[in-house]
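These notes concern the structure reproduced below.
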Amino acid sequence: MKPDYVDVAIIGSGPAGLSAAVELRRQGVQRVVVIERENTPGGVPRHCGHPPFGFREYGRIYSGPDYARRNVAEARSAGVELRLGHTVTHLGQGGCLHLVSTAGAVTLQAKRVLLATGVRETPRAARLIGGDRPLGVINTGALQAYLYLHNLKPFERPLIIGTELVSLSSILSCRRAGIKPVAMIEPNVRATARWPLSLFPRFCGVPLHFGAQLLDIHGSGRVEAASVRLANGQLARFECDGVLLTGNFLPEASLVRQSHLLLDPNSGGPVIDQYGRCSDPAYFAAGNLLRPVETAGWSYREGASIARLLAKDLRGEIPTAHHTLAIRCRAPLKLCVPQRFAPTGVAGLEHLQLRVSQATEGELTVYADGVPVWSKPMACLPERRILIPVAALKLNASIQQLDVDFVGHAHATPAQGDTP
Ligand SMILES: Cc1cc2nc3c(=O)[nH]c(=O)nc-3n(C[C@H](O)[C@H](O)[C@H](O)COP(=O)(O)OP(=O)(O)OC[C@H]3O[C@@H](n4cnc5c(N)ncnc54)[C@H](O)[C@@H]3O)c2cc1C
6 MKPDYVDVAI
16 IGSGPAGLSA
26 AVELRRQGVQ
36 RVVVIERENT
46 PGGVPRHCGH
56 PPFGFREYGR
66 IYSGPDYARR
76 NVAEARSAGV
86 ELRLGHTVTH
96 LGQGGCLHLV
106 STAGAVTLQA
116 KRVLLATGVR
126 ETPRAARLIG
136 GDRPLGVINT
146 GALQAYLYLH
156 NLKPFERPLI
166 IGTELVSLSS
176 ILSCRRAGIK
186 PVAMIEPNVR
196 ATARWPLSLF
206 PRFCGVPLHF
216 GAQLLDIHGS
226 GRVEAASVRL
236 ANGQLARFEC
246 DGVLLTGNFL
256 PEASLVRQSH
266 LLLDPNSGGP
276 VIDQYGRCSD
286 PAYFAAGNLL
296 RPVETAGWSY
306 REGASIARLL
316 AKDLRGEIPT
326 AHHTLAIRCR
336 APLKLCVPQR
346 FAPTGVAGLE
356 HLQLRVSQAT
366 EGELTVYADG
376 VPVWSKPMAC
386 LPERRILIPV
396 AALKLNASIQ
406 QLDVDFVGHA
416 HATPAQGDTP
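The opening position of the sequence shown corresponds to residue 6 in the numbering used here, with each subsequent residue numbered one higher.
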């Protein structure tokens with residue numbers, strides 16, 4: 006089968022993929038194709054039927070579906086080709102992609118590929134929840150698709166698990182549909198979402214239990230109840246007709262896992278250098294595939310930044326990296342993106358992005374060849390963004406080793422307003 010040749014193929018039409026596509030066209034790249042497995046483009050915001058999306062991008066506030074439509078319209082008017090209903094099934098060496106659609110299989114050869122396949126929530130099986138297997142146990146993504154795309158109510162009185170931003174937005178989605186959550190539970194001692202947003206469940210009349218662990222789901226056919234161990238050790242039974250498993254995001258990296266590209270076990274996404282370039286330099290990556298989890302706005306801006314670097318690379322302005330350094334980080338740091346640094350002397354992404362695995366207060370320090378080059382006292386919480394400005398590190402092309410260390414102590418005191 007003869008391949009179709011393109012300049013850049015982008016996998017995924019979410020905010021990162023579409024903003025990258027528009028930016029590449031602005032940079033003069035000729036043939037830019039976005040491949041999307043769904044028949045409608047736009048990514049996750051398409052089924053987030055609530056504001057606020059798009060303020061920094063377009064100077065006004067959109068609902069998720071309107072924001073997705075705006076991103077698609079911008080891409081179309083920039084001359085981006087959208088190939089919908091096509092799933093990429095294989096990433097080959099040097100940018101050779103296998104795609105399938107209802108029309109059959111095709112091969113696409115791109116000079117560069119941008120991976121922008123986003124994140125998904127951890128499903129029930131991977132959360133090791135015991136009990137029966139009744140209908141009514143779903144993720145927020147499925148809830149939003151039921152409500153906003155198909156106009157269906159999957160339950161009336163769910164128990165919500167998790168306190169991330171997406172968990173709070175699920176309360177909004179439930180309220181709009183007339184669904185009344187019986188409670189929200191969180192295994193940690195504080196909410197994952199920032200105060201004062203973490204007050205939102207109680208403001209909506211949804212009881213919030215910290216330090217509570219979902220043990221069992223009961224029901225023959227449909228969900229009838231859920232057993233929970235509360236913070237004081239007591240067992241509680243919540244009568245409910247559904248369980249909503251929220252957040253606990255993982256990069257949608259199935260393609261990367263099956264390919265020749267290096268995967269970072271810490272972030273769950275592909276290993277990139279400071280240009281967004283993967284271990285095969287024909288591949289770049291952007292958006293939430295890189296790490297769980299950021300907002301649509303962040304993913305949009307990251308898509309555009311990495312597209313600028315990709316366009317530079319196509320013009321030959323980024324030297325080939327003969328060797329790259331692994332950026333080493335230790336617990337309590339959980340991940341660092343980018344994972345590698347190419348000592349080329351040409352500037353790349355603005356920040357190192359980090360996360361901690363537990364609430365920590367202390368001193369965050371970057372060492373170049375064992376010498377501290379940047380340091381800042383910080384109090385950090387899991388799932389919250391930590392940024393180190395790369396320009397402030399003043400890294401030169403002769404550097405041999407880069408380490409990031411966070412020396413401090415765990416702090417588990419609930420923040421003001423988070424206490425039960
Ligand atoms: C359930 C859920 C709710 C969320 N709610 C919010 C919210 O309210 N506000 C917010 O700011 N963020 C929210 N997020 C975070 C969300 O990830 C970002 O808003 C944003 O969508 C990330 O953009 P992206 O371009 O990286 O990926 P996505 O928007 O996820 O787009 C990835 C696209 O890649 C496509 N794709 C994946 N694999 C393939 C393949 N093999 N072949 C072809 N196409 C493929 C997918 O179909 C999808 O359209 C939510 C995420 C989830 C999962």
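Positions of the beta carbon are idealized from the N, C-alpha and C atoms, including for glycine. A quick note: this is a predicted structure, and the numbers were derived from the prediction, not measured.
Can Ala301 be considered in contact with ligand 1, in the sense that its beta carbon sits closer than 7 Å to one or more heavy atoms? Numbered from 1 along the sequence shown, position 296 holds the residue referred to as residue 301. Yes, the Cβ of Ala301 comes within 7 Å of a heavy atom of ligand 1.
Suppose you measure from the CA of Pro20 to the CA of Leu240; what does that come to, to the nearest Å? The residue you call residue 20 lines up with position 15 of the sequence shown. The residue you call residue 240 lines up with position 235 of the sequence shown. Pro20 and Leu240 have their C-alpha atoms spaced approximately 43 Å apart.
How big is the Cα-Cα spacing for Gly167 and Val248? For the purposes of this step, residue 167 is identified with residue 162 of the sequence shown, where counting begins at 1. For the purposes of this step, residue 248 is identified with residue 243 of the sequence shown, where counting begins at 1. Distance between the alpha carbons of Gly167 and Val248 is about 11 Å.
Using the DSSP secondary-structure output, state which residues sit across from Ile15 in a beta bridge. Position 10 of the sequence shown, counted from the start, is the residue given in the question as residue 15. Residue pairing for Ile15: DSSP places it in a beta bridge opposite Val39 and Leu119.
Among the residues of its own chain, which have a CB less than 6 Å from the CB of Gln114, if the five just before and after it don't count? Start at 1 with the first residue of the sequence shown, and residue 114 comes out as number 109. Non-local C-beta neighbours of Gln114 in its own chain, meaning closer than 6 Å and more than five positions away in sequence, comprise Pro8, Tyr10 and Cys101, ordered along the chain.
Can you give me the C-alpha to C-alpha distance between Gly135 and Val233, rounded to a whole angstrom? Here residue 135 corresponds to residue number 130 of the sequence shown, with the count starting at 1. Here residue 233 corresponds to residue number 228 of the sequence shown, with the count starting at 1. Each residue's Cα considered, the two are about 11 Å apart.
From this set, Pro192, Pro139, His95 and Ser310, which residue's C-alpha is nearest Ser225's C-alpha? Counting from 1 along the sequence shown, the entry for residue 225 is found at position 220. Among Pro192, Pro139, His95 and Ser310, the Cα nearest to that of Ser225 belongs to Pro139.
Cβ shell of Gly146 (< 8 Å), same chain only, five flanking positions each side left out: What you label residue 146 is simply residue 141 of the sequence shown in a count that begins at 1. The answer, listed in chain order, is Val49, His52, Arg125 and Glu126.
Is there contact here, the segment 210-218 with the segment 84-103, by at least three beta-carbon pairs under 8 Å? Cβ pair count under 8 Å is below three, so no.
What I want to know is whether the C-beta of Val49 ends up closer than 7 Å to one or more non-hydrogen atoms of ligand 1. One-based indexing of the sequence shown puts residue 49 at position 44. Yes.
Do you know whose CA, among Ala402, Leu400 and Pro377, lies nearest Asp410's CA? One-based indexing of the sequence shown puts residue 410 at position 405. Between Asp410 and the set Ala402, Leu400 and Pro377, the nearest pair of CA atoms involves Pro377.
On the DSSP letters alone, give me the boundaries of the alpha helix (DSSP H) that Lys317 sits inside. Residue mapping note: residue 317 aligns to position 312 of the sequence shown, counting from 1. Counting along the chain, Lys317 sits inside the alpha helix (DSSP H) bounded by residues Ala301 to Leu319.
Do Leu29 and ligand 1 come close, with the Cβ less than 7 Å from some heavy atom? Translated into positions along the sequence shown, residue 29 becomes position 24. Outside the cutoff, so no.
Just mark Asp278 as buried or exposed, buried being the case when its beta carbon has 16 or more other beta carbons within 10 Å. Reading the sequence shown from its first residue, position 273 is the one you call residue 278. When all chains shown are included, Asp278 counts as buried.
If you measure from the CB of Leu173, is any heavy atom of ligand 1 nearer than 7 Å? Residue numbering aside, residue 173 sits at position 168 when the sequence shown is read from its first letter. In this structure, ligand 1 has no non-hydrogen atom nearer than 7 Å to the beta-carbon of Leu173.
Mind checking whether the beta-carbon of Thr92 lies closer than 7 Å to any heavy atom of ligand 1? Start at 1 with the first residue of the sequence shown, and residue 92 comes out as number 87. Flag set: Cβ of Thr92 near ligand 1.
Look at the alpha carbon of Arg36 and the alpha carbon of Thr370, and state the distance between them as a whole number of angstroms. Here residue 36 is taken as the residue at index 31 of the sequence shown, counted from 1. Here residue 370 is taken as the residue at index 365 of the sequence shown, counted from 1. Approximately 43 Å, taken between the alpha carbons.
Starting from Arg81, follow the alpha helix (DSSP H) in both directions and report where the run begins and ends. Translated into the one-based positions of the sequence shown, residue 81 becomes position 76. Per DSSP, the unbroken alpha helix (DSSP H) holding Arg81 starts and ends at Gly69 to Ser82.
Which residues share a DSSP beta bridge with Arg199? Counted from its first residue, the sequence shown places residue 199 at position 194. According to DSSP, Arg199 bridges with nothing at all.
Could you spell out the range, first to last residue, of the beta strand (DSSP E) harbouring Arg242? Residue numbering aside, residue 242 sits at position 237 when the sequence shown is read from its first letter. Leu240 to Glu244 is the span of the beta strand (DSSP E), which, as asked, contains Arg242.
C-alpha distance - Arg132 paired with Leu120, whole-angstrom precision: As a first step, residue 132 must be located in the sequence shown, where it is residue number 127. As a first step, residue 120 must be located in the sequence shown, where it is residue number 115. Distance between the alpha carbons of Arg132 and Leu120 is about 27 Å.
Rounded straight-line distance, which links the Cα of Glu169 to that of Pro387: Looking up residue 387 in the sequence shown gives position 382. Looking up residue 169 in the sequence shown gives position 164. Counting only the Cα atoms, Glu169 lies some 11 Å from Pro387.
Restricting to runs no shorter than 3 residues, where is the beta strand (DSSP E) found entirely within the segment 325-405? For the segment 325-405, the full-length beta strand (DSSP E) segments reaching 3 residues or more read 330-334, 338-342, 356-361, 365-373, 376-385 and 391-394 along the chain.
Can you tell me where the beta strand (DSSP E) with Arg125 in it begins and where it stops? Working through the sequence shown from its first residue, we reach residue 125 at position 120. Taken as a continuous stretch (DSSP letters only), the beta strand (DSSP E) holding Arg125 covers Val124 to Glu126.
Got a sec: does ligand 1 put a non-hydrogen atom nearer than 7 Å to the Cβ of Pro20? Along the sequence shown, one-based indexing puts residue 20 at 15. Checking every heavy atom of ligand 1 against the Cβ of Pro20, one is found closer than 7 Å.
Counting along the chain, where does the alpha helix (DSSP H) carrying Ser264 start and finish? By 1-based counting over the sequence shown, the position of residue 264 is 259. That residue, Ser264, is in no alpha helix (DSSP H); it is neither H nor E in DSSP.
Measuring from the CB of Gly97, is there a heavy atom of ligand 1 at a distance below 7 Å? Within the sequence shown, the letter at position 92 stands for residue 97. No, Cβ of Gly97 sits at least 7 Å from all heavy atoms of ligand 1.
Nearest-angstrom beta carbon gap, Trp379 and Ile391 [assumed within contact, 8 Å]: For the purposes of this step, residue 391 is identified with residue 386 of the sequence shown, where counting begins at 1. For the purposes of this step, residue 379 is identified with residue 374 of the sequence shown, where counting begins at 1. Actually they do not touch by this definition, with Cβ atoms about 12 Å apart.
Can you check whether the CB of Leu250 is closer than 8 Å to the CB of Val261? Stepping through the sequence shown from its first residue, residue 261 is reached at position 256. Stepping through the sequence shown from its first residue, residue 250 is reached at position 245. Cβ atoms of Val261 and Leu250: not closer than 8 Å.
Quick one: is Arg453 buried, meaning 16 or more other Cβ sit within 10 Å of its Cβ, or exposed? No statement about residue 453 is possible, as the shown extent of the chain runs from 6 to 425 and does not include it.
Going by the CB atoms, is the gap between Val111 and Ala316 shorter than 8 Å? Along the sequence shown, one-based indexing puts residue 316 at 311. Along the sequence shown, one-based indexing puts residue 111 at 106. Here Ala316 is not near Val111, since their CB atoms are 8 Å or more apart.
CB-CB under 7 Å to Ala243, same chain, minus the five flanking residues each way: which ones, in chain order? On the sequence shown, position 238 is the one that residue 243 refers to. Ala is not the amino acid found at residue 243; the sequence shown has Phe there. Answer for Phe243: Leu164, Val187, Ala188, Ala230, Ala231 and Val233, listed in chain order.
Which of the three DSSP states is assigned to Arg65 in this structure? Here residue 65 refers to the residue found at position 60 when the sequence shown is read from its first residue. Arg65 carries a coil assignment under DSSP once its states are collapsed to helix, strand and coil.
State the beta-bridge partners of Gln114 as determined by DSSP. On the sequence shown, residue 114 is found 109 positions in, with the first residue counted as 1. Secondary-structure assignment with DSSP links Gln114 through a beta bridge to Tyr10 and Cys101.
Tell me whether Gly22 is buried or exposed, calling it buried when 16 or more other Cβ atoms sit within 10 Å of its Cβ. Residue numbering aside, residue 22 sits at position 17 when the sequence shown is read from its first letter. Gly22 comes out buried.
Using 8 Å as the threshold, is the C-beta distance between Lys185 and Asn271 below it? The sequence position of residue 185 within the sequence shown is 180, counting from 1. The sequence position of residue 271 within the sequence shown is 266, counting from 1. In terms of Cβ geometry, Lys185 and Asn271 do not form a close pair [threshold 8 Å].
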